[in-house]
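In case it helps, the numbering used here puts the sequence shown at residues 713 to 1067.
To keep things clear, I will list the structure first and then write my remarks on it.
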Amino acid sequence: MILQYEGLLLLLLLCLLDVLDARRESEDDIRRRQLAEQAKREAEYRRTDNVQSLWAYSTTADRAHRSVGKRVLPVTVDLVEPLTSGQYIRIEGRVNVLFKYLNITLGMNYGYGNEYSPIHMHITKSRFLTGKIEGSVYTFDNRRAGSWEQEEQVAASFQPGQKFVIRILFENDKDFQHVNSYHWTTASTAYESHYIKQASFAGDAVIDKIVWGGQKENKVPFVRDYPPIKEGRIVVAGMYKQSTEYFTLALLNANAVQQFHFKLNFNSNARHKVLANSLQNYVTWSWEQIYSEGAPSTDKTKPFEYTLLIKPKIIQVYAYDRLILNFEHRTPYPSKDYRGLYLSGVDKIYNIIWS
């Protein structure tokens, strides 16, 4: 009798497991069907006329883009591919509280024994060249055939515990060094940028992010679709068109409507240098109320870099490292409606970071 009950319980247990397996399989089937339907809708979506402008252009600006995360020094990073003209390296980090020096070497192999180092930067805590201000000195040099060329020194702004961003842009075999938006140095290297295959770092600092690569994009206005960004940042680096009167950066929704419109006016007589707006009605092209704040530098001879921080309630716009605009979301769906980028008034786009 007991054996019969045990057999019956075992049979019921097996039946229950079969039911659970069937239910699990049905849930998997539903999920696969949902993904297939979503892919189909997106494919149809891209073929519709009302979003044709959003996918009208493609870019090579971020095709060669590479990045690495946080690194404790010393460290050497292989660049995978040698740098070419029109590309740049962007280094984010923080100097230690007991900061004394930071060395950055861009070359073929690691260390001071490198025979060919197109760029060597030595940032040290000392007095400025004038001897009047306590701060730091930024020294640029390069090494050719085992010997150092004539160095150049520039006052820098590194302070213990401070965050920093260093940008090195290669254009026609020249280097544009930029340290925390305070100083630009332009110098010719002894050799072409393709000699640079490694980036080496040593000293009293932590490197948070290294980004390199990018290619020039000459097809403007520039329009590109990206995955919807809920919270994160967008970094755009490039060169203004010299003849332009306006620079425009816009974030588009899936219908190519400008949910965020940022315009920089180069006209010296303009009442507002910076305009921020949102185009809410795609049919009538009705604009919301104009919002303006202080403008960044309007020097069109130097590269620009804008950073957009997407936050739950606002968009913060930085020109290099300086906050120039706080813009409240005009769309009720910011996590879905920021999925395209539009740029005009630019001559070249060096890199785009969408993360």
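Even for Gly, the Cβ is constructed at its ideal location relative to N, Cα and C.
Here the structure is a predicted model, which means the values were calculated and not measured.
Phe-1039 is bridged by DSSP to Ile-1027. Taking Ile-946 as the centre and dropping the five residues before and after it, the same chain places the C-beta of Leu-1020, Trp-1066 closer than 6 Å to its C-beta, in chain order.
Between the C-alpha atoms of Asn-808 and Leu-991 there is a straight-line separation of about 45 Å. Within the model, the alpha-carbon separation for Val-789 versus Met-833 is close to 16 Å. Linking Val-1029 to Leu-1037 through their CA atoms gives a straight-line distance of about 5 Å. Contact between Tyr-813 and Asn-1063 does not hold, since the beta-carbon distance rounds to 28 Å and is not under 8 Å. Secondary structure of Lys-1048 (DSSP, three-state): helix. Note on Asn-989: 16 or more other CB atoms within 10 angstroms of its CB, so buried under the neighbour-count rule. In the three-state scheme derived from DSSP, where H, G and I count as helix and E and B as strand, Leu-1021 is classed as strand. When the five nearest sequence neighbours on each side are left out, the beta carbons in the same chain lying within less than 8 Å of the beta carbon of Lys-942 are those of Ile-1022, Pro-1046, Ser-1047, in order along the chain. Pairing Ile-835 with Ser-912, the inter-Cα distance amounts to about 14 Å.
For Glu-804, the enclosing beta strand (DSSP E) has its first and last residue at 800-807.
Taking the Cβ atoms as the reference, Lys-953 lies roughly 6 Å from Gly-1057, within the contact range of under 8 Å. Pairing Gly-950 with Lys-875, the inter-Cα distance amounts to about 23 Å.
The criterion of a C-beta distance shorter than 8 Å is not satisfied by Pro-794 and Ile-880. Nearest Cα to Pro-786 within the set Lys-1014, Thr-796, Asn-815: Asn-815. By the Cβ-count criterion, Lys-1025 is exposed, with fewer than 16 other Cβ atoms from all chains shown falling within 10 Å of its own Cβ.
Taking a 10 Å sphere around the C-beta of Lys-1014, we find fewer than 16 other C-beta atoms and assign the residue as exposed. Within its own chain, the residues whose Cβ lies closer than 6 Å to the Cβ of Glu-804, once the five positions on either side in sequence are excluded, are Val-877, Asp-920, Lys-921, listed in chain order.
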